[in-house]
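Protein sequences, first through last, are from chains A and B. In our numbering, each residue carries its 1-based index in the first sequence increased by 22. In our numbering, each residue carries its 1-based index in the second sequence increased by 22. Note that the Cβ used here is the ideal one computed from N, Cα and C, for glycine as well. What follows is one structure encoded as structure tokens, with my remarks underneath.
There are 2 protein chains.
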Amino acid sequence: MKEKLVVLKVGGKIVENDDQLQQLLDDFSAIEGSKILVHGGGRSATKIAAKLGIESEMVNGRRITDLEMLKVVTMVYGGLVNKNLVAGLQSRGVNALGLTGADLNIILSVKRPVANVDYGFVGDVQKVDVSLLSVLINKGVVPVMAPLTHDGKGSLLNTNADTIAGEIAKAFSTLFDVILIYCFEKKGVLLDENNENSVIPLLTHEQFKKFVADGVIQGGMIPKLENSFKAIDAGVREVIITSASDLHFKNNFGTKIRK
Amino acid sequence: MKEKLVVLKVGGKIVENDDQLQQLLDDFSAIEGSKILVHGGGRSATKIAAKLGIESEMVNGRRITDLEMLKVVTMVYGGLVNKNLVAGLQSRGVNALGLTGADLNIILSVKRPVANVDYGFVGDVQKVDVSLLSVLINKGVVPVMAPLTHDGKGSLLNTNADTIAGEIAKAFSTLFDVILIYCFEKKGVLLDENNENSVIPLLTHEQFKKFVADGVIQGGMIPKLENSFKAIDAGVREVIITSASDLHFKNNFGTKIRK
Numbered sequence: 023m024k025e026k027l028v029v030l031k032v033g034g035k036i037v038e039n040d041d042q043l044q045q046l047l048d049d050f051s052a053i054e055g056s057k058i059l060v061h062g063g064g065r066s067a068t069k070i071a072a073k074l075g076i077e078s079e080m081v082n083g084r085r086i087t088d089l090e091m092l093k094v095v096t097m098v099y100g101g102l103v104n105k106n107l108v109a110g111l112q113s114r115g116v117n118a119l120g121l122t123g124a125d126l127n128i129i130l131s132v133k134r135p136v137a138n139v140d141y142g143f144v145g146d147v148q149k150v151d152v153s154l155l156s157v158l159i160n161k162g163v164v165p166v167m168a169p170l171t172h173d174g175k176g177s178l179l180n181t182n183a184d185t186i187a188g189e190i191a192k193a194f195s196t197l198f199d200v201i202l203i204y205c206f207e208k209k210g211v212l213l214d215e216n217n218e219n220s221v222i223p224l225l226t227h228e229q230f231k232k233f234v235a236d237g238v239i240q241g242g243m244i245p246k247l248e249n250s251f252k253a254i255d256a257g258v259r260e261v262i263i264t265s266a267s268d269l270h271f272k273n274n275f276g277t278k279i280r281k
Numbered sequence: 023m024k025e026k027l028v029v030l031k032v033g034g035k036i037v038e039n040d041d042q043l044q045q046l047l048d049d050f051s052a053i054e055g056s057k058i059l060v061h062g063g064g065r066s067a068t069k070i071a072a073k074l075g076i077e078s079e080m081v082n083g084r085r086i087t088d089l090e091m092l093k094v095v096t097m098v099y100g101g102l103v104n105k106n107l108v109a110g111l112q113s114r115g116v117n118a119l120g121l122t123g124a125d126l127n128i129i130l131s132v133k134r135p136v137a138n139v140d141y142g143f144v145g146d147v148q149k150v151d152v153s154l155l156s157v158l159i160n161k162g163v164v165p166v167m168a169p170l171t172h173d174g175k176g177s178l179l180n181t182n183a184d185t186i187a188g189e190i191a192k193a194f195s196t197l198f199d200v201i202l203i204y205c206f207e208k209k210g211v212l213l214d215e216n217n218e219n220s221v222i223p224l225l226t227h228e229q230f231k232k233f234v235a236d237g238v239i240q241g242g243m244i245p246k247l248e249n250s251f252k253a254i255d256a257g258v259r260e261v262i263i264t265s266a267s268d269l270h271f272k273n274n275f276g277t278k279i280r281k
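Rendered as structure tokens:
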């Protein structure tokens, strides 16, 4: 039987509010066994870019990353957010290691081709190599991953944190029994979007398709769930969609997505 | 016999000039065997702090690091400079891993006590643990270290890059045959500070004391050399003081400091 590995993805909102951040670090530290934290940081990047006189331009919820913005996200994601998470985890006895996809050549990406939109220095994941990372995890190390990858030609690339979490989870699924947890604003996938108590506890692909056909699940939740089912198909044991504030419930939280 | 390990320290000036940086990355990549790069980044930190409206205050050549400045150096050293070095090395086939002292709990520091000057969030190195790092080095990984450490209580601390290079070199000296190379503006320790061709090729502790007594070696070079002899006494095989632009000379460059 393979050992369990939790891959937890948290967005920028949580890591930027100090109370929520401390709670997250407590809850993440309490997760037993092997684990990986993947973080965003978009709000901080926007704030620091603004202070530097650089305007943030978003298209379809994705940041246009010109050379100046690439410097900002490298500073904020790879430095400020990542290293503060590492220091916070170390203070809780968690042997954290902050990483981008360039470190140890973990995630090689290709600069997104220009179609209708030129996203700039944005990476689409091409190759994931977790061989050295798994050696470290087996020695008790807890990787903390920033949403940056590299192109193998010397350039860093801004890369969606959800994608990184999914790709890392898939790459580890041959070595570990992987549980991928996506934290977002709601307690899970809701039957009624106005009722936080209507969380769907378990969702199979069949049920998902029915909920979409019936209009119960719609909007941005559809690609999120489609990606989750792709992760499951690629070998991830379970995907959980939940709120970071519910992580302390250990097993009984969010929407569990299984084959 | 122990395997060779080169610890190379470069200052902010080199990593901030793109031509010099590319040359450095070429020369560093060409060093055979195990190696570690330790970098500064003070000039970039000063520039970005200024753009953010934060004034840089230096006392005795050391940066006063209040909470806002700590954020800047975390971004610049841990993010911008470190991760670009990593991406640049990866593009040259060097399996680089960017680190601060908080990562893998490599360097634990204590916040410098306030005496005449309150340096703020500046760390004095307390404990160095390279056990996991040596596992990685034996697997071909090349650590790239930013001048940041942590206090074990959740805070990062700004820490002198020369000190980090020295402490890392000493910690590895039980495991490896360590050569510590400090790059600075001159070609080495000069007999005549106005003559770049007057490099002292080899310097023992006895000769050093005589040169100081005679006034040949003076100023900031004295503490630099005292630290070098301390590293030698602690087990480092050789310290070399040189200019980054001479690294391609392989063995015949700079001032070699031996017991």
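So, are the CB atoms of residue i and residue j less than 9 Å apart?
| i | j | result |
| --- | --- | --- |
| B/GLY100 | A/ASN138 | no |
| B/LEU126 | B/LEU170 | no |
| A/PRO165 | A/LEU130 | no |
| B/GLY115 | B/HIS172 | no |
| B/VAL283 | B/THR87 | What the structure shows of chain B is the stretch from 23 to 281, and residue 283 of chain B is not part of that stretch, so it cannot be assessed. |
| A/LEU247 | A/VAL211 | yes |
| A/ILE70 | A/LEU102 | yes |
| B/ALA109 | A/LEU178 | yes |
| B/GLU260 | B/ILE244 | no |
| B/LEU74 | A/LYS93 | no |
| A/LEU107 | A/LEU30 | no |
| A/MET167 | A/ILE128 | yes |
| A/VAL28 | A/GLY63 | no |
| B/LEU202 | B/SER156 | no |
| A/GLN42 | A/LYS35 | yes |
| A/GLY145 | B/GLN112 | no |
| A/VAL5 | A/ASN117 | Residue 5 of chain A lies beyond the residue range present for chain A, which begins at 23 and ends at 281; the question has no answer from this structure. |
| B/LYS24 | B/LEU197 | yes |
| B/ASN180 | B/PHE143 | yes |
Could you work out which residues of chain B lie near residue i, taking near to mean beta carbons separated by less than 8 Å?
| i | result |
| --- | --- |
| A/VAL98 | MET97, GLY101 |
What is the DSSP secondary structure of residue i, reduced to helix, strand or coil?
| i | result |
| --- | --- |
| A/LYS96 | Per the sequence shown, the amino acid found at residue 96 of chain A is Thr instead of Lys. A/THR96 falls in the helix class under three-state DSSP. |
| A/ASP236 | coil |
| B/LYS281 | coil |
| B/ASP49 | helix |
| A/GLU228 | helix |
| B/MET91 | helix |
| A/VAL136 | coil |
| A/ALA109 | helix |
| A/GLY101 | helix |
| B/ARG114 | coil |
| A/SER131 | strand |
| A/VAL37 | helix |
| B/LEU213 | coil |
| B/GLY64 | helix |
| A/ILE70 | helix |
| A/LYS206 | For the sequence presented, residue 206 of chain A should be read as Phe rather than Lys. It is a strand residue. |
Residue i versus chain A: which residues are under 7 Å apart at the beta carbon?
| i | result |
| --- | --- |
| B/SER177 | ALA109 |
| B/GLN112 | ALA124, ASN127, HIS172, GLY174 |
| B/LYS286 | Outside the shown range of chain B (23 to 281) lies residue 286 of chain B, about which nothing can therefore be said. |
| B/LYS149 | Those do not exist, as B/LYS149 stays about 12 Å from chain A at its closest Cβ, beyond 7 Å. |
Please compile the residues from chain B whose C-beta is within a distance smaller than 7 Å of the C-beta of residue i.
| i | result |
| --- | --- |
| A/LEU119 | ASP125, LEU126 |
| A/THR68 | In chain order: nothing, as chain B lies at least about 14 Å away. |
| A/ASN217 | Result: empty, since nearest Cβ-Cβ is about 37 Å, beyond 7 Å. |
| A/ASN182 | Simply none; closest approach about 17 Å. |
In chain A, which residues lie less than 9 Å from residue i when you measure between Cβ atoms?
| i | result |
| --- | --- |
| B/HIS61 | What B/HIS61 touches in chain A: nothing, since even the nearest Cβ is about 13 Å away. |
Closer than 9 Å by beta-carbon distance: list the chain B residues that pair up with residue i, in chain order.
| i | result |
| --- | --- |
| A/LEU27 | Chain B residues near A/LEU27: none, gap ~19 Å exceeds 9 Å. |
| A/LYS57 | Neighbours of A/LYS57 on chain B: none; closest Cβ ~16 Å, over 9 Å. |
What residues from chain A crowd round residue i, counting only those whose CB sits closer than 8 Å?
| i | result |
| --- | --- |
| B/LYS161 | LEU154, VAL157 |
| B/LYS93 | LEU102 |
| B/LYS281 | By Cβ distance, chain A contributes nothing, its closest Cβ being about 35 Å from B/LYS281, past 8 Å. |
Indicate, with yes or no, if the ligand NAD has a heavy atom lying under 8 Å from the CB of residue i.
| i | result |
| --- | --- |
| A/ALA253 | As far as ligands go, the structure on display features none, and thus does not contain the ligand NAD. |
Subject >> Touch test, the segment 56-68 of chain B against the segment 260-279 of chain A, Cβ-Cβ under 8 Å, three pairs minimum >> reply: no
Original post:
Counting pairs of Cβ atoms below 8 Å between the segment 249-260 of chain A and the segment 179-197 of chain A, do you hit three or more?
Top reply: Verdict: yes, contact present.
Subject >> Unbroken stretches of the alpha helix (DSSP H), 4 residues or longer, contained in the segment 141-196 of chain A >> reply: 153-159, 183-194
Original post:
Are the segment 76-96 of chain B and the segment 274-281 of chain A in contact at 8 Å, needing three or more beta carbon pairs?
Top reply: no
Original post:
Can you list the beta strand (DSSP E) stretches of 3 or more residues lying completely in the segment 235-267 of chain B, in chain order?
Top reply: Counting whole runs of 3 or more residues, the segment 235-267 of chain B contains the beta strand (DSSP E) stretches 260-265.
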